[in-house]
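This note's numbering puts the first residue of the sequence shown at 1, with every later residue one more than the last. Every residue, glycine too, gets a C-beta built ideally from N, C-alpha and C. It should be emphasised that the depicted structure is a prediction, and the values quoted were computed from it without experimental measurement. Read the structure below first, then the notes.
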Amino acid sequence: MRTNPHLPYRKDLRLKGNDYSREGAYFITICCQEMRHRFGKVINGVMQFNECGQIAHDEWAELKARYPHCDFDVFQIMPNHLHGIVVVGAQTVPVLAGTTARVVRAASISDMMSAYKSIVACRCLEIYKSKNQQMGKLWLRSYDDEIIRDERAFKSISNYIINNPKKWSEK
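Here it is as structure tokens:
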């Protein structure tokens, strides 16, 4: 619901009522601001990273260490966006002996993507600053997600992600 009719309307990007911290598989797409090519280029169907592209790649690969209850399966960094599959598993919170049990909110897809985008943006900004260049905003607001409902969809989306650089070259 809009609180100010003079502001532009932004539709909610998430599925109403879905708990994005529960078990499930999600197809994630994160795009660069103004679709600028920030991460390198595709040459002969292969993504060639620049410094920021390597950071985006490495930080996605590091997400498993930060969120051990998740698998960050197939992913692909492209010149101006990235695609990845996040599989959220059951989260267990250890309770130390002699402490009071407390409810700990599980990390949601939104928490993970916000952290990822922030880390990549900060590291890329350091590179731009070291070269006395302006970076501007790296990412578009939020991200796109699609709930992967079955194995067939998982395989189809995985193939799409893997073949994305080759398809890019065919444009």
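From the listed residues C31, G89, E51 and A25, the smallest Cα separation to K131 is found for E51. Look at K117 here: in three-state DSSP terms it is helix. Beyond the five residues adjoining it in sequence on each side, E146 comes within less than 6 Å, by CB distance, of F27 in the same chain, given in chain order. Counting of Cβ neighbours within 10 angstroms places M35 among the exposed residues, the total staying below 16. Fewer than three pairs of CB atoms, one per stretch, sit closer than 8 Å, so the region 122-136 makes no contact with the region 67-82. Rounded to whole angstroms, the separation of the alpha carbons of E23 and V42 is 34 Å. Q76 carries a strand assignment under DSSP once its states are collapsed to helix, strand and coil.
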